[in-house]
Each structure stands twice: as structure tokens, then as C-alpha cells.
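Peer 1:
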Amino acid sequence: MTALFPNYQRFNFEIISGQGVTLTDETGKKYLDLTSGIGVCNLGYNHPIIKQAVQKQLDLVWHTSNLYQSSLQEKVATALIQGTDKKVFFCNSGTEANEAALKLARKATGKTKILAFDHSFHGRTYGALSATDNSAIKAGFGPLVPDFEFAKYNDFASLNAITTDLAAVILEVIQGEGGLVAADGKWLKAVEKKCHENGVLLIIDEVQTGMGRTGKLFSYQLFDLDPDIMTLAKGLANGIPVGAMIGKEKLAAAFGPGSHGSTFGGNPLAMASAAEVLQIMDQKFLDNVTQKADFCWYYLQKEIAVLPMVEAITGHGLMIGIHLDPKIPVGQVIAQLQQAGVLTLSSRGNTLRLLPPLVITGSEIMTGINQIKQVLEQMTVLK
Ligand code: PMP
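In this note's numbering, the protein residues as written are 1030 to 1412.
1) Pick out the complete beta strand (DSSP E) segments inside the region 1299-1368, 3 residues or longer, and give them in chain order.
2) By a C-beta neighbour count over all protein chains shown, 10 Å radius and 16 as the cutoff for buried, is A1160 buried or exposed?
3) If V1069 and K1223 are in contact, beta carbons under 8 Å, what's the gap, nearest whole angstrom?
4) Checking the sheet assignment: what are the DSSP bridge partners for V1210?
5) Reducing DSSP to helix, strand and coil, say where Y1060 ends up.
6) Extract the residue ranges of the alpha helix (DSSP H) inside the region 1064-1142, only unbroken runs of 4 or more that lie entirely within it.
7) From this set, N1379, A1190, G1047, R1242, which residue's C-alpha is nearest M1338's C-alpha?
8) With a threshold of 7 Å, establish whether the CB of A1211 neighbours any heavy atom of the ligand HEM.
9) For A1137, which of P1386, K1277, A1219, Q1403 has the nearest alpha-carbon?
10) Which residues bound the beta strand (DSSP E) around I1258?
11) Use the C-beta contact count for H1092: other C-beta atoms within 10 angstroms, 16 or more gives buried, fewer gives exposed.
12) Report yes if the C-beta distance between A1303 and V1271 is below 8 Å; otherwise report no.
13) Give me the DSSP bridge partner(s) of L1144.
14) Using a Cβ-Cβ cutoff of less than 7 Å, which residues in the same chain neighbour R1135 once the five nearest sequence positions on both sides are dropped?
15) Using the Cα positions of M1072 and N1267, report the straight-line distance between them to the nearest angstrom.
16) Would you kindly check if the distance between the Cβ of I1199 and the Cβ of D1234 is under 8 Å?
17) Please list the terminal residues of the continuous beta strand (DSSP E) segment that includes K1277.
18) Assign R1039 to buried or exposed, taking buried as 16 or more other Cβ atoms, counted over all protein chains shown, within 10 Å of its Cβ.
19) Under the rule that 16 or more other beta-carbon atoms within 10 Å means buried, what is P1385, buried or exposed?
20) As a quick exercise: from Q1365, I1389, L1387, pick the residue whose alpha carbon is nearest that of I1401.
21) Between the alpha carbons of H1148 and K1167, how many angstroms are there, rounded?
22) Below 7 Å, is the gap between the Cβ of Q1236 and the nearest heavy atom of the ligand PMP?
23) Note down, in chain order, each residue of its chain lying with its Cβ closer than 6 Å to the Cβ of Q1048, except the 5 sequence neighbours on either side.
24) In whole angstroms, what separates the C-alpha of Q1403 from that of Y1037?
25) Taking the alpha-carbon positions, what's the L1089 to L1372 distance?
26) Answer with buried or exposed for D1162, where buried requires no fewer than 16 other C-beta atoms within 10 angstroms of its C-beta.
27) Between V1362, F1146, I1258, which lies nearest to Q1204 when the distance is taken from Cα to Cα?
28) Just the C-alpha distance for S1288 and K1132, rounded to the nearest angstrom, thanks.
29) Can you tell me whether F1150 is buried or exposed, with buried defined as 16 or more other CB within 10 angstroms of its CB?
30) What would DSSP say about G1156, mapped onto helix, strand or coil?
31) So M1421 and V1362 are in contact, right, with Cβ under 8 Å, and what is the actual spacing, rounded?
32) Going by the C-beta, is K1132 closer than 7 Å to any heavy atom of the ligand PMP?
33) How should N1121 be labelled, buried or exposed, when 16 other C-beta atoms within 10 angstroms of its C-beta is the threshold for buried?
This is how it looks when you write it as C-alpha cells:
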């Protein structure tokens, strides 16, 4: 019996504690977590510096209020904009960050049309859902918000859809829910150029790709892009709810007091955590993520890509999709891995998705890859 709506497909155990990359369930069983709770706990569980900062804030004040000035919000916003001419709006989730981005784009341009891409995922409130291309999760919720259009992701012909009557284009650099499809840098640059030429704002959704996941703080930095608006959530406060919408200074005048807001946005505990997260994720940390990712990809290619049921491995950095032959149901692979003490995720198209905490060690990477290999090999034997 459960008093909860059946929205989530949950693992059949509860997490009691976590340390680093290891989670412990109610029976004491330990798991190597290759999910980060869907890219949230990027710095691992129970991080001592973050915990201390949150505890310190808890002793001062922890209720949210945007009634007052907030030096903590200023501190986090300043760290996020990295000396650029941008402004930050804090909210509580990725969906809300995208909602704010879409509203800002419409208000700032005076236009209504938004172009998104096939297999995109931007969230589940009406605006964000309207920008999402997933018929299963949209089913039964119509009518959605008008004036959202879709073009083919990573396809040069789709550039024709970027015309002056659009307010904005919204995209993910790597589609996290949409099968770990990584866009080509040349295509992304071409989209950006076409947006600039046509007075269309470029919104990059960094909710899953951001906060170090690809070895850059934000994945658009891999390709030297300059989005007008960017959205963040998940890893920003390493597990405390937060979202952020970051827009160019020139757009700021579109928002005034009362035009958009959130009671809980920028909560002090979330901000105390985010301030530490951003301090920890310096260049040295990010370079180390890239090195670890290179190590991980080397073994993925050597041990996993060669297995007969593996069709391709896609993604970038520590955002990885192992595309399985349709005869090997990814749900069964995830269940077998769970039994073996390794937690993984799925994504669109029978894809095993790995989003390990960025603090994972080389030997933990090897353990994970060896377990995945063993489980996949067993699955063939069972067939
Ligand atoms: N955008 C992207 C790219 C995401 O991956 C997600 C969550 N999976 C969201 C938006 C929605 O974020 P949230 O669940 O925090 O609302």
C-alpha cells in the first residue's frame, strides 16, 4: 500500500545513507551509484565541505524569503556569470528554470513562437512540457501552450525553421532523456549563427549537462557557444532543490518586480550549498573530470563497445549512453546490475545511461564497467 501517486518507477529499496559514490539501503546493502540521482549529486553523497556550509547556514537562517536582500544569492549568481554581462533568477527546479526562460524570451522579444527539437526534454509544467518532444509524457494533458514548434535535432536542414518570427530556440547540447544524443559542434554553431542573424534568442538547457558533467562547468563551453539564456538545476546545489535561469543583461529590463517570481527560489540552504559547489568546481577539478572521463571512455570502448549486444556508446564526459540491442531489455540489465550492487539508469531507445558522481575514482569506474560487462555477458547466455 502506498499513499503516493504512482508517478515514479522506483527501485525496490530505500536509501538510508550515502558516502562519496556509495549508497546504503535499509538492509545495509551497499551500491555503487552510477546515477547521481539523475545527475544531481555530482560531488557525491555527504560531501564534508558542503555539509558544513549547509549546517552553518542552518544555524543562521534557513527560511526562504525574497522579501529581503540576499548576499548569498548575489554570491552564487556572481560565481555563475563568471564576469560576463548576465543576470540570474533563482527558482527550485529545472522545469521552473525553463519556464522562466520561456517567459523571459517571449516578453523580451515580444514574439511568441518557440522552436524546440525532436526527443527534447525540458520539464513537466505546461510551458516546459510544451517544449518537450515526448508523446508518452504529454499524453492526456492537452491542450498545451500554443506556438511551440519542433525541428529535427542535429540536422542542418532544421536551420530553415529558424526564422525572424521565432522568439527563441531551446535545446540541450546532449539530450539526456532523449537517448544521450550529443549534438555536433558545427550544427550548434550554425544554430547560434542563424539565431543571431534572425533576432532569435538561443536558450540552452544545461539542467542535465551542466555543473561539470561534461568536464566543463556548462556543456556549451565545449563548443564556445554564447547562449542568450541558460538554465541550470540538478547539480547546482548537489541535492538541495534549486534552479537557475541565467540571461544576458540586455534581457533584464523585460522582468520587473512582480513579473515573475518564486516564493522558495534561492533558498538559503540551497545557496549555501551552491556557493560551495561552485567553489569546488574550479578549473583543476574540471580538468580532473575530463581525465577521469577519458579513462572511463577508454575502458568503455575496450570492454563494453566490443560486446555483441552493444550497438553504440554515446555522450560526452561522465554523461554516457550504452545503446543496447533491442533484444536485451534495458530494464532487465538495470535490475541485474542492482542485484550486483551497481545503480544505473535508462534513457530513450533501450539505452543504459550512466551519470556517475564526478568524484568517482578510477577503481570505482573499473568496478562499474566490469559489473556492466558481466551482466551484459550473462544476459546473452540467458538468451
Ligand atoms: N531539462 C532537462 C534537460 C532535464 O534533464 C530535466 C530533468 N530530467 C529537466 C529539464 C527538468 O528538471 P526538474 O526535474 O528539476 O524539473
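The beta-carbon is built from N, C-alpha and C at its ideal position, and this holds for glycine as well.
Remember, it's a predicted structure, so these values are computed and weren't measured experimentally.
Peer 2: Taking the definition as stated:
1) 1339-1345, 1348-1353
2) buried
3) V1069 to K1223, Cβ: 33 Å. No contact.
4) Q1204
5) strand
6) 1065-1068, 1077-1089, 1100-1110, 1123-1138
7) N1379
8) Among the ligands modelled here, namely the ligand PMP, the ligand HEM does not occur.
9) K1277
10) 1258-1261
11) exposed
12) yes
13) E1178, V1198
14) T1141, A1196
15) Sequence inspection shows Leu at residue 1072; the Met mentioned does not correspond to that position. Distance between the alpha carbons of L1072 and N1267 is about 6 Å.
16) yes
17) 1272-1277
18) exposed
19) buried
20) Q1365
21) 12 Å
22) At residue 1236 the sequence reads Val, which differs from the Gln that was named. Yes, since a heavy atom of the ligand PMP falls inside the 7 Å radius drawn around the Cβ of V1236.
23) Y1074, N1075
24) 28 Å
25) 36 Å
26) buried
27) F1146
28) 10 Å
29) buried
30) helix
31) With the chain covering 1030 to 1412 only, the question about residue 1421 has no answer from this structure.
32) no
33) buried
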